[in-house]
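Visitor: Take this structure, written in structure tokens, and hold onto it; I'll ask about it next.
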Amino acid sequence: MTGTVTLGEIARRLELQRVGGDPAQSIRGVATLADADSGQIGFLANPRYRAQLDSSRAAAVILREADAVGMSRACLIAADPYVAFAKVAALFERLPAANPGIHPSASVDAGAQIDPTASIGAFCVIEAGARIEAGAVLGPHCIIGRDCVVGAQSRLVARVTLVQDVRLGKRALIHPGAVLGADGFGLAFDRDHWIKVPQLGGVVIGDDCEIGANTTIDRGALGDTVLEEDVRLDNQIQIAHNVRIGAHTAMAGCAAVAGSASIGRYCLIGGGAGILGHLSLADRVTVTAMSLVTHSIRESGEYSSGTPIQPNRQWRRNAARFKHLDEIARRLGAATKEDPQ
Amino acid sequence: MTGTVTLGEIARRLELQRVGGDPAQSIRGVATLADADSGQIGFLANPRYRAQLDSSRAAAVILREADAVGMSRACLIAADPYVAFAKVAALFERLPAANPGIHPSASVDAGAQIDPTASIGAFCVIEAGARIEAGAVLGPHCIIGRDCVVGAQSRLVARVTLVQDVRLGKRALIHPGAVLGADGFGLAFDRDHWIKVPQLGGVVIGDDCEIGANTTIDRGALGDTVLEEDVRLDNQIQIAHNVRIGAHTAMAGCAAVAGSASIGRYCLIGGGAGILGHLSLADRVTVTAMSLVTHSIRESGEYSSGTPIQPNRQWRRNAARFKHLDEIARRLGAATKEDPQ
Amino acid sequence: MTGTVTLGEIARRLELQRVGGDPAQSIRGVATLADADSGQIGFLANPRYRAQLDSSRAAAVILREADAVGMSRACLIAADPYVAFAKVAALFERLPAANPGIHPSASVDAGAQIDPTASIGAFCVIEAGARIEAGAVLGPHCIIGRDCVVGAQSRLVARVTLVQDVRLGKRALIHPGAVLGADGFGLAFDRDHWIKVPQLGGVVIGDDCEIGANTTIDRGALGDTVLEEDVRLDNQIQIAHNVRIGAHTAMAGCAAVAGSASIGRYCLIGGGAGILGHLSLADRVTVTAMSLVTHSIRESGEYSSGTPIQPNRQWRRNAARFKHLDEIARRLGAATKEDPQ
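Protein chains in written order, with numbering that gives the first Met the number 0: chain U, 0 to 340; chain V, 0 to 340; chain H, 0 to 340.
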């Protein structure tokens, strides 16, 4: 939807309690408290923006009941204001029109199956054995390789590559430049040179997954690389062959998972974090940004590595000492053990 | 230009003082001191290459006045030899011929505006509401989504994706695989699963920015992601939604900036460095390679994190001690406080 | 080959000793010990899977002679079981049919040379001066820029970009989204703004190299960026201008090498590792994952940086102490020196 909707209609559709305001008021979008004008809805999810409530010109503000106490302005009460905001914002999202049919410039193999309600954009290539299900939308320049499946209602924004044997679930959302199903990095060292270990598996993506721009997910060597449902990957993430990621896990930009690692459900992997191969992470593990996981983690909780940012001159002195930390500890051990007290 | 030019002409065009040499000598390119032959110009910017001055066969050498003292060879005197070298090298750069017009294979929506002096390459897709300004050159396979603007004299080398609502300033240079305007990574957790927070903002890129291969710059959630003028991004950089980068800041490859962070002007961000969300960096902050910035930085200067590279066996011992560093410090504190001296 | 082959034929072709089993048994693929069925071949390379030998339903197992002692099941004896497995697996790899010729949708400049045995996929762009040698296969959407060479029997899976002056050796294998020959990140600071240093060199890739999805290899500033033969790069690796990588070196995903660094032969660079500019690494250097190399390494061996992963609460305390490590060391030094013992 890209037009307007009334405040009353928004409250009704999202089952939010409206306090004050004119239900007939026309709303044309959402904004932050600071930026909203009288045709937009704002929200208060993070208490540190509370001070902006009074000055905000928003037509109404989505907030928790407790935050609405004593407010004279129009409010929409929500148990989780950020979730409610996301749903309101969705009313105003301009998605590209999905015109069913195949763009005349696309190159579609006779052996591909394309649902008549799917939309195939300019210069797409659909290879033999591929199947595009109902309501799927492929933007321009997508490549759907041999024996790949694009599940119903999925949206490949543009320039997505599914190399081979990639099966997407329903409602996948994949951003430009993502490459799924490229060969895993499998090498065997034959005396004095490498030989390639053929990569024969596929990629299986559950329903409701989102995959960011320029993210790569390799096919399995033997067996598949698997993302369960509702996995959310940001941009430039690297998922190696035979990795398994549990449902509802989210990974921030530039994180990387090495081969055959297995990540639990409801994990949160920070930006630039790395997980070595063949490890297991339990459910509900959080790894902070740019940490490197070098052993399996059996208990849920938050994990970190690295050192704090410091002015370079101080950091240099400390870092130089790190090179001798074992010696420092041993000297301390000797000193304190021999201490007469 | 790809032909030759005389030494005298070079001195004249770049306003460099020529000392020695034949102004009529034909020059066909630039090279390092070590590699230059008698048809090429060399340069001395870094004093550690000074020893190569004598043996270099270069037709002339660009250098500082102080370095030219006592030299018998042909020189071009420059206050900043590296800057002068860059300008001389530009004389010999072979840029692709920009033939105005639209390649017959391109797919251009009737609702796009394309300046007649712009050049649109093979298989480009230009969507409704897009505007391509005078002298812009789009190499093959570019996608210019809805309501995007490519500023005058910009060059999109090849395979650049502007997803939606991306406005490039003048003279932008964007390398292949870059994706601007993909959705930011916005999620709200709704009891037991994620829901997507619609990303409704755009990307605004100032004049004279360069953006490297496979770099990604997401559109804002609400409001825009902004690069001010003369921002220089290397390859595989990730810029999340609503980040703001000040003018003249340069970031090396694989750096990443999380959502809503704000980076000052004239900053230098090292390769692989990370900046967490919602932080502010002052002007003229340098972050060294692979450092992680976890709090705002209010003062210009150089900042670092991490530990030094060591032979693995030594590193293992020190790293094991790091796990107990707090205990070590407390034991030392106890020992030295209780020390009778 | 994608059909079946007999067990006897496999032993014969790969010169493996067969112990037991029916040479006429039909084999249709390979699998892990755990997953293999009676039509598949398994392998035992890593001793920790030895326990699976007895229960595996594999038609035959590739293993070392010592591991076959006392086995009653069918075996194929190999000096290096993983290498033998790789070769057996290759018998079952389904490579895309390479139909010689140019897809009618491709855009090929009249000034390009294409061997009649090469295969050019849909929507490829081949520019003037490019040369595609015998048996090379370009999947859909490849761009081969001016004066690039694709060596004989190379395979560009799909959507590979060779920008300009890139010369691939024989049997290159390049995965989707890779960008070779984009401009290096060369900037000169001219008083108050950046000017671009023209990038005039190329990229030279030796025979038998593999380059992963969305990896970027920049052209040299002056002179070339070079990968010697049999270099293996995983996904999302960044190789800056004028880097040189020695033969048989392998780099895991997301590693990055800054400008003019030189890496030896037979090196192993871990995932996410970084190597600063202008450094040299000797032959047979291993750098562990996410380590940062900040000085040249003259001796072969394994090198690391970073700190171990820990529960965040413990890590925080240790990390806070790291900020004062120099002071801690100095206090310890003072305490132990002044110690009366």
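C-beta atoms are modelled at their ideal positions from N, C-alpha and C, and glycine is treated no differently.
Please list the segments of the beta strand (DSSP E) lying wholly inside the segment 204–266 of chain U, counting only runs of 3 or more residues, in order along the chain.
Guide: As far as the segment 204–266 of chain U is concerned, its whole beta strand (DSSP E) runs of at least 3 residues are 215–217, 224–226.
Visitor: I'd like the list of long-range same chain contacts for Ile173 (chain H), defined as Cβ closer than 8 angstroms, with 5 residues on each side in sequence excluded.
Guide: In the third sequence, counting from the first residue as 1, residue 173 (chain H) sits at position 174. Taken in chain order, the residues that qualify are Ser153, Arg154, Leu155, Val156, Val159, Leu167, Leu179, Glu209, Ile210.
Visitor: Do Ala44 (chain H) and Phe84 (chain H) have their CB atoms nearer than 8 angstroms?
Guide: As a working note, residue 44 (chain H) is residue 45 in the third sequence. As a working note, residue 84 (chain H) is residue 85 in the third sequence. Yes, these two residues count as a Cβ contact at 8 angstroms.
Visitor: Looking only at its chain, what residues have a beta carbon closer than 6 angstroms to the beta carbon of Phe42 (chain V), apart from the 5 residues adjacent to it on each side?
Guide: Translated into positions along the second sequence, residue 42 (chain V) becomes position 43. Contacts found: Ile61, Pro80, Phe84.
Visitor: Measuring straight from C-alpha to C-alpha, what distance separates Thr306 (chain U) and Thr214 (chain U)?
Guide: Position 307 of the first sequence, counted from the first residue, corresponds to residue 306 (chain U). Position 215 of the first sequence, counted from the first residue, corresponds to residue 214 (chain U). Distance between the alpha carbons of Thr306 (chain U) and Thr214 (chain U): 27 angstroms.
Visitor: So, Val230 (chain U) versus Val242 (chain U), is the Cβ gap smaller than 8 angstroms?
Guide: Within the first sequence, residue 230 (chain U) is the residue found at index 231, counting from 1. Within the first sequence, residue 242 (chain U) is the residue found at index 243, counting from 1. Contact flag unset, no.
Visitor: What residues from the segment 281–296 of chain V come within 7 angstroms of chain H, judged by C-beta to C-beta, listed N to C?
Guide: So the list reads Ala288, Met289, given in the order they occur along the chain.
Visitor: To the nearest whole angstrom, what separates the beta carbons of Pro22 (chain H) and Gly300 (chain U), a pair I think is in contact under 8 angstroms?
Guide: If you number the third sequence from 1, residue 22 (chain H) lands on position 23. If you number the first sequence from 1, residue 300 (chain U) lands on position 301. Pro22 (chain H) to Gly300 (chain U), Cβ: 55 angstroms. No contact.
Visitor: Once DSSP output is grouped into helix, strand and coil, what is the label at Gly2 (chain V)?
Guide: Counting from 1 along the second sequence, the entry for residue 2 (chain V) is found at position 3. Coil at Gly2 (chain V), not helix or strand.
Visitor: Does DSSP classify Ile119 (chain V) as helix, strand or coil?
Guide: Taking the first residue of the second sequence as 1, we reach residue 119 (chain V) at position 120. In this structure, Ile119 (chain V) counts as strand in the three-state DSSP scheme.
Visitor: Please report whether the beta-carbon of Asn317 (chain H) lies at a distance below 8 angstroms from any beta-carbon of chain V.
Guide: As a working mapping, residue 317 (chain H) is identified with position 318 in the third sequence. Taking Cβ atoms only, chain V reaches closer than 8 angstroms to Asn317 (chain H), which makes this a yes.
Visitor: When the distance is taken between beta carbons, is Gly200 (chain H) closer than 8 angstroms to Gly185 (chain H)?
Guide: If you number the third sequence from 1, residue 185 (chain H) lands on position 186. If you number the third sequence from 1, residue 200 (chain H) lands on position 201. Not closer than 8 angstroms, so no.
Visitor: Output yes or no for whether 8 angstroms exceeds the beta carbon distance between Ala254 (chain V) and Gly271 (chain V).
Guide: The residue labelled residue 254 (chain V) in the question sits at position 255 within the second sequence. The residue labelled residue 271 (chain V) in the question sits at position 272 within the second sequence. Going by C-beta atoms, Ala254 (chain V) is nearer than 8 angstroms to Gly271 (chain V).
Visitor: According to DSSP, what are the bridge partners of Arg17 (chain U)?
Guide: Mapped onto the first sequence, residue 17 (chain U) falls at position 18. Answer is U:Leu75, bridged to Arg17 (chain U).
Visitor: Which residue or residues does DSSP assign as beta-bridge partners of Asp189 (chain H)?
Guide: As a working note, residue 189 (chain H) is residue 190 in the third sequence. For Asp189 (chain H), which the question treats as bridged, DSSP gives the partners H:His192.
Visitor: Determine, using beta carbons only, whether Arg264 (chain H) and Thr287 (chain H) come nearer to each other than 8 angstroms.
Guide: To locate residue 264 (chain H), count along the third sequence from 1; it is residue 265. To locate residue 287 (chain H), count along the third sequence from 1; it is residue 288. Result no, Cβ atoms of Arg264 (chain H) and Thr287 (chain H) do not sit closer than 8 angstroms.
Visitor: Taking Cβ positions, are Gly128 (chain H) and Gly110 (chain H) nearer each other than 8 angstroms?
Guide: Taking the first residue of the third sequence as position 1, residue 128 (chain H) is located at position 129. Taking the first residue of the third sequence as position 1, residue 110 (chain H) is located at position 111. Closer than 8 angstroms, so yes.
Visitor: Between Arg166 (chain H) and chain V, is there a C-beta pair that is closer than 8 angstroms?
Guide: What you label residue 166 (chain H) is simply residue 167 of the third sequence in a count that begins at 1. Arg166 (chain H) does not count as touching chain V.
Visitor: Which word fits Asp36 (chain H), buried or exposed, when buried means at least 16 other C-beta atoms lie within 10 angstroms of its C-beta?
Guide: Residue numbering aside, residue 36 (chain H) sits at position 37 when the third sequence is read from its first letter. With fewer than 16 Cβ atoms within 10 Å of its Cβ, Asp36 (chain H) is classed as exposed.
Visitor: Going by C-alpha distance, which of H:Asp108, H:Gly138, H:Glu132, H:Gln112 is nearest Ile119 (chain H)?
Guide: By 1-based counting over the third sequence, the position of residue 119 (chain H) is 120. Selected option, being the one with the closest Cα: H:Gly138.
Visitor: Quick one, which of V:Ile76, V:Asp34, V:Gly100, V:Pro95 has its alpha-carbon nearest Leu6 (chain V)'s?
Guide: What you label residue 6 (chain V) is simply residue 7 of the second sequence in a count that begins at 1. Nearest option by C-alpha distance: V:Ile76.
Visitor: What residues of chain V sit near Val225 (chain H), judged by a beta carbon separation below 7 angstroms?
Guide: Position 226 of the third sequence, counted from the first residue, corresponds to residue 225 (chain H). None at all; the shortest Cβ gap to chain V is about 14 angstroms.
Visitor: With a threshold of 7 angstroms on Cβ separation, who are the neighbours of Phe122 (chain U) within its own chain once the five nearest residues in sequence on each side are excluded?
Guide: For the purposes of this step, residue 122 (chain U) is taken as the residue at position 123 of the first sequence. So the qualifying residues of the chain are Ser104, Ala105, Pro139, His140.
Visitor: Identify the contact partners of Gln309 (chain H) in chain U, using a Cβ-Cβ distance below 8 angstroms as the criterion.
Guide: Your numbering for residue 309 (chain H) matches position 310 in the third sequence. Near Gln309 (chain H) (Cβ distances below 8 angstroms), the residues of chain U are Tyr302, Ser303, Ser304.
Visitor: Do Pro99 (chain V) and Ala88 (chain V) count as a contact pair if the criterion is CB distance below 8 angstroms?
Guide: Locating residue 88 (chain V) in the second sequence gives position 89, counting from the first residue. Locating residue 99 (chain V) in the second sequence gives position 100, counting from the first residue. No, Cβ-Cβ distance for Ala88 (chain V) and Pro99 (chain V) is not below 8 angstroms.
Visitor: Report the neighbours of Val82 (chain H) on chain U: residues whose CB is nearer than 8 angstroms to its CB, in chain order.
Guide: Taking the third sequence and counting its residues from 1, one reaches residue 82 (chain H) at position 83. In chain order: Ala187, Phe188, Asp189, Ile194.
Visitor: Give me the Cα-Cα distance between His102 (chain U) and Val162 (chain U), rounded to the nearest whole angstrom.
Guide: Position 103 of the first sequence, counted from the first residue, corresponds to residue 102 (chain U). Position 163 of the first sequence, counted from the first residue, corresponds to residue 162 (chain U). Distance between the alpha carbons of His102 (chain U) and Val162 (chain U) is about 21 angstroms.
Visitor: Thinking just about the alpha-carbon of each residue, which of U:Asp207, U:Pro197, U:Ile26, U:Gly2 is nearest to the one in Asp217 (chain U)?
Guide: The residue labelled residue 217 (chain U) in the question sits at position 218 within the first sequence. Taking only the C-alpha atoms, the option nearest Asp217 (chain U) is U:Pro197.
Visitor: Could you tell me the distance, in whole angstroms, from the CA atom of Val68 (chain V) to the CA atom of Ala10 (chain V)?
Guide: Taking the second sequence and counting its residues from 1, one reaches residue 68 (chain V) at position 69. Taking the second sequence and counting its residues from 1, one reaches residue 10 (chain V) at position 11. Looking at the two C-alpha atoms, the distance is approximately 18 angstroms.
Visitor: Within the 8 angstroms Cβ cut-off, does Asp325 (chain V) reach chain U?
Guide: Locating residue 325 (chain V) in the second sequence gives position 326, where the first residue counts as 1. Not closer than 8 angstroms to any Cβ of chain U, the Cβ of Asp325 (chain V) fails to qualify, so no.
Visitor: What residues match up with Gln309 (chain H) in a beta bridge as DSSP calls it?
Guide: Position 310 of the third sequence, counting from 1, holds the residue named residue 309 (chain H). In the DSSP output, where bridge partners are listed per residue, Gln309 (chain H) has U:Ser303.
Visitor: Would you mind working out which of U:Ser290, U:Ser304, U:Asp282 sits nearest Arg297 (chain U), comparing C-alpha positions?
Guide: Walking along the first sequence from the start, residue 297 (chain U) turns up at place 298. Arg297 (chain U) has its Cα closest to that of U:Asp282, out of U:Ser290, U:Ser304, U:Asp282.
Visitor: Got a sec: is the Cβ-Cβ distance from Ala334 (chain H) to anything in chain V below 8 angstroms?
Guide: Within the third sequence, numbered from 1, the residue matching residue 334 (chain H) stands at position 335. With 8 angstroms as the cut-off, Ala334 (chain H) counts as an interface residue toward chain V.
Visitor: Of all the residues that make up the segment 209–233 of chain V, which are near chain H by a beta-carbon distance shorter than 8 angstroms?
Guide: Answer set for the segment 209–233 of chain V: Glu209, Gly211, Ala212, Asn213, Asp229, Arg231, Asp233.
Visitor: Please list the partners that Leu331 (chain U) has in chain V, where partner means a Cβ-to-Cβ separation under 7 angstroms.
Guide: Residue mapping note: residue 331 (chain U) aligns to position 332 of the first sequence, counting from 1. Under the 7 angstroms cutoff, chain V gives Ile327, Arg330, Leu331.
Visitor: How would you list, in chain order, the residues of chain H whose beta-carbon sits under 7 angstroms from the beta-carbon of Phe139 (chain V)?
Guide: Against the second sequence, residue 139 (chain V) aligns to sequence position 140. Per the sequence shown, residue 139 (chain V) should be read as Pro rather than Phe. What Pro139 (chain V) touches in chain H: Val124, Ile142.
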